[in-house]
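Take a look at the structure set out below.
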Amino acid sequence: MTETRLRFPPSPTGYLHIGGARTALYNWLYAKKTGGKLILRIEDTDTERSTEESIRGILEGLEWLGITYDEGPYFQTDFTADHVAAAERLLEQGLAYRCFCSKDELDAKREAALTAKQNLGYDRTCRHLTPEQVAGKMAAGLPSVVRFKVPDRQGMLGYDDKVLGRIECDYREVDDFVILRSNGKPLYLLCNVVDDIRDRITHIIRGQDHMTNTTRQVLLYEALQAPLPVFAHIPLTLDTKKSKISKRSHGEIVAVHFYRDHGFIPWAFNNFLVLLGWSPGNDQEIFSKEELIEAFTLERINRSSAIFNFRRDDPKFFTDPKAIAINEHYLRTMAIDELAPMVQKELEAAGLWDDSYAGGRRDWFLHTIDLIRDRFHTLKDFTSLGRAYFADDFTVEDKPLQKNVLKFPELTNWLPALADRYAQLAVFDAIETERVSREMAEELDIKPGVLINAMRTVVTGQLAGPSMFEILPVIGRDRVLARIRDIARFFPAS
RNA sequence: GUCCCCAUCGUCUAGUCAGGUCCAGGACACCGGCCUUUCACGCCGGCAACACCGGUUCAAAUCCGGUUGGGGACGCCA
Numbered sequence: 001m002t003e004t005r006l007r008f009p010p011s012p013t014g015y016l017h018i019g020g021a022r023t024a025l026y027n028w029l030y031a032k033k034t035g036g037k038l039i040l041r042i043e044d045t046d047t048e049r050s051t052e053e054s055i056r057g058i059l060e061g062l063e064w065l066g067i068t069y070d071e072g073p074y075f076q077t078d079f080t081a082d083h084v085a086a087a088e089r090l091l092e093q094g095l096a097y098r099c100f101c102s103k104d105e106l107d108a109k110r111e112a113a114l115t116a117k118q119n120l121g122y123d124r125t126c127r128h129l130t131p132e133q134v135a136g137k138m139a140a141g142l143p144s145v146v147r148f149k150v151p152d153r154q155g156m157l158g159y160d161d162k163v164l165g166r167i168e169c170d171y172r173e174v175d176d177f178v179i180l181r182s183n184g185k186p187l188y189l190l191c192n193v194v195d196d197i198r199d200r201i202t203h204i205i206r207g208q209d210h211m212t213n214t215t216r217q218v219l220l221y222e223a224l225q226a227p228l229p230v231f232a233h234i235p236l237t238l239d240t241k242k243s244k245i246s247k248r249s250h251g252e253i254v255a256v257h258f259y260r261d262h263g264f265i266p267w268a269f270n271n272f273l274v275l276l277g278w279s280p281g282n283d284q285e286i287f288s289k290e291e292l293i294e295a296f297t298l299e300r301i302n303r304s305s306a307i308f309n310f311r312r313d314d315p316k317f318f319t320d321p322k323a324i325a326i327n328e329h330y331l332r333t334m335a336i337d338e339l340a341p342m343v344q345k346e347l348e349a350a351g352l353w354d355d356s357y358a359g360g361r362r363d364w365f366l367h368t369i370d371l372i373r374d375r376f377h378t379l380k381d382f383t384s385l386g387r388a389y390f391a392d393d394f395t396v397e398d399k400p401l402q403k404n405v406l407k408f409p410e411l412t413n414w415l416p417a418l419a420d421r422y423a424q425l426a427v428f429d430a431i432e433t434e435r436v437s438r439e440m441a442e443e444l445d446i447k448p449g450v451l452i453n454a455m456r457t458v459v460t461g462q463l464a465g466p467s468m469f470e471i472l473p474v475i476g477r478d479r480v481l482a483r484i485r486d487i488a489r490f491f492p493a494s
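In the numbering used here, the protein residues as written are 1 to 494.
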């Protein structure tokens with residue numbers, strides 16, 4: 001039994017987007033499941049478009065997701081000699097040929113075919129040049145590319161796909177594709193196969209947009225006399241208008257770093273991504289890493305494409321609602337000491353972190369984030385909606401201010417009076433603060449909610465939150481008293 | 001234009017390979033109710049889909065054919 005070897009080969013022409021991330025995830029899962037290896041290969045043969053920054057972005061994206069690789073990153077350009085050697089070998093064996101058609105000619109033909117609604121493929125003009133003709137053109141210094149010579153065969157060319165089943169097409173449908181540019185540089189179709197052979201890749205999991213590439217690459221494996229790996233073409237992720245997701249047309253919303261920067265929990269995002277095109281066959285949707293590796297199979301990958309249901313400019317659903325829901329689930333159910341470091345990062349970035357939260361006040365810190373996480377949606381909420389727990393310069397939202405404070409001008413007397421009673425308390429805990437609040441409400445003959453909601457507003461700045469009496473001890477007596485005594489500042493001076 | 005792939009609630013999907021247990025199950029979203037000091041917390045309930053037409057069969061979401069629709073590919077990009 002040979003080891004399974006998978007690869008993730010991004011081209012560094014932009015950031016890592018969710019389609020690529022999902023492909024990486026599927027490869028990673030399968031490698032883990034089979035006890036195999038995942039190889040990262042940067043396919044940078046398009047030197048025009050490849051950038052250093054993009055490579056960094058891809059690496060960071062994978063690291064954030066927790067998708068680890070066992071080998072690499074390899075760089076495709078480091079193996080140019082291999083690629084060229086393979087092309088030359090094919091040329092010598094008569095499995096490829098030189099083509100002298102100029103780019104302009106080809107473009108013109110393609111253009112003409114397109115407008116005439118004719119077939120687009122290469123017309124094989126140079127396929128039957130005699131060795132003398134080739135030599136002559138070479139001697140004349142004419143530039144040429146090397147094309148693969150698609151065999152003239154009857155019957156169908158095909159392969160068995162792990163998710164799609166048997167894929168076939170007629171040999172005549174396949175163009176003589178270019179494997180070497182006129183500048184001598186090899187092209188994707190060839191490089192990719194040569195590298196996969198060298199890296200002993202056993203399984204290729206990639207998007208369905210590669211299906212026609214696979215058909216042609218099957219020919220290359222044969223010509224290079226290498227065994228065919230297992231192919232699994234996973235469905236594409238489409239946008240809400242059903243077109244392929246791309247960096248160019250969708251921007252940040254499809255970038256992995258967008259989710260990192262919007263407070264997603266990495267594993268929660270993986271959990272969301274895996275469900276976009278795969279399901280375990282039962283009702284389970286939340287998986288630990290171990291559970292997912294165990295449950296994942298190629299056979300259960302969907303055949304039809306999935307829509308990434310993102311929204312834009314919606315304060316509540318700024319991306320696919322299901323992604324947010326899964327993130328919320330993890331946010332409120334994960335072990336608090338696993339969550340703590342993530343919250344710490346957020347607080348640090350917002351300048352709200354205090355080292356004592358990791359020392360003497362660690363219990364307070366853990367208890368606090370445990371208390372407030374139930375109503376949060378992303379890690380960002382700890383520093384926005386939850387700012388009042390960590391700082392005094394929080395914003396009091398207008399809605400609760402109108403509804404819970406400004407409607408009751410007498411609160412300017414009531415709350416400071418309540419503060420005085422709180423100051424007298426022997427213990428400042430949930431039971432005592434509640435008792436005193438209710439007592440006072442009864443004396444004043446008002447609903448307890450008036451005092452409680454007013455407190456919620458001036459103490460947390462928010463309309464909603466955990467039980468107010470759980471909150472008070474967490475914020476601490478001193479800060480609570482200061483905040484409720486200062487209620488008059490919300491009323492216009494009279 | 002050619003080739004390839006796909007087709008179940010708004011979205012992600014289960015069910016299709018081994019036809020009956022499916023007047024189609026779950027999740028998210030939405031709507032309603034409950035809880036309550038509040039809430040985009042929690043709990044309960046509801047709405048909502050087999051693209052269409054034929055065929056096979058006692059029986060079809062499931063098998064076959066066609067239609068329509070969608071997607072992908074057709075580069076000296078990857």
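Backbone N, C-alpha and C define an ideal beta-carbon position, used for all residues, glycine too.
With a threshold of 16 other beta carbon atoms within 10 Å, Cys126 meets it and is buried. Of the candidates Phe8, Ser11, His17, His17 places its Cα closest to the Cα of His257. Scanning its chain for C-beta atoms nearer than 6 Å, with the 5 sequence neighbours on each side dropped, one finds around Phe310 the residues Ile253, Thr319, Asp320, in chain order. Per DSSP, reduced to three states, the secondary structure at Leu38 is strand. It is roughly 36 Å from the alpha-carbon of Ile372 to the alpha-carbon of Lys247.
In this structure, Thr4 lies away from Ala24, with their beta-carbon atoms at least 8 Å apart. CA-CA distance, Leu411 to Val474, rounds to 23 Å. If the five residues before and after Asp160 are omitted, its C-beta is found closer than 7 Å to the C-beta atoms of Arg166, all from its own chain and listed in chain order. Straight across, the Cα-Cα distance linking Lys407 with Lys244 is about 52 Å.
For the 8 Å CB-CB criterion, Pro12 and Ile58 form a contact. A Cβ-Cβ distance of about 5 Å is found for the pair Arg485 and Ala419, placing them in contact under the 8 Å criterion.
Contact between the segment 292-301 and the segment 345-362 is absent: fewer than 3 CB-CB pairs across the two stretches fall below 8 Å. Every beta strand (DSSP E) stretch that sits fully inside the segment 154-233 and reaches 3 residues is listed by chain position as 156-161, 165-170, 178-180, 203-207. The three-state secondary structure of Gly72, taken from DSSP, is strand. Out of Val163, Val218, Pro266, the CA that lies nearest to the CA of Pro227 is found in Val218. Between the beta-carbon of Lys162 and that of Val274 there is about 16 Å, and that puts the pair past the 8 Å contact cut. The DSSP assignment places 321-333 as complete runs of the alpha helix (DSSP H) inside the segment 305-334, in order along the chain (cut-off: 4 residues). Between Cys99 and Ser144, the C-beta spacing is below 8 Å.
In this structure, the beta-carbon distance from Leu347 to Thr383 falls below 8 Å. For the pair of segments examined, the segment 73-85 was found not to touch the segment 116-131: the number of CB pairs separated by less than 8 Å stays below three.
A buried status is given to Met455, since no fewer than 16 other beta-carbon atoms sit within 10 Å of its beta-carbon. By the criterion of a C-beta distance shorter than 7 Å, Glu432 is surrounded in its chain by Leu425, once the five residues flanking it on both sides are discounted. Per the coordinates, the alpha-carbon of Leu339 lies some 18 Å from the alpha-carbon of Glu290. With a threshold of 16 other beta carbon atoms within 10 Å, Ser304 falls short and is exposed. The beta carbons of Thr202 and Thr2 sit closer together than 8 Å. For Leu90, the closest C-alpha among the options Leu114, Leu224, Asp209 is that of Leu224. According to the DSSP assignment, Tyr26 belongs to the alpha helix (DSSP H) that extends over 18-33. Close CB contacts of Ile301 within its chain, under the 7 Å cut and outside five residues either way in sequence, are with Val163, Ala232, Ile234, Gly277, Trp278 (chain order). In the three-state reduction of the DSSP assignment, Val145 falls in the strand class.
Within the same chain, and ignoring the five residues on either side of Glu43 in sequence, the residues whose Cβ sits closer than 6 Å to its Cβ are Pro9, Ser11, Gln76. Annotation: the continuous beta strand (DSSP E) that includes Ala96 extends over 96-99.
Distance check between Leu29 and each of His262, Asn119, Lys103, Trp267 places Trp267 closest, using alpha-carbon atoms only. Going by C-alpha positions, Arg56 is about 53 Å away from Pro492.
Judged by beta-carbon spacing, Thr45 lies within the 8 Å limit of Tyr188, meaning their Cβ atoms are closer than that value. For Arg456, there is no enclosing beta strand (DSSP E); the residue is found in the alpha helix (DSSP H) stretching over 448-460.
Rounded to the nearest whole angstrom, the C-alpha separation of Arg110 and His262 is 44 Å.
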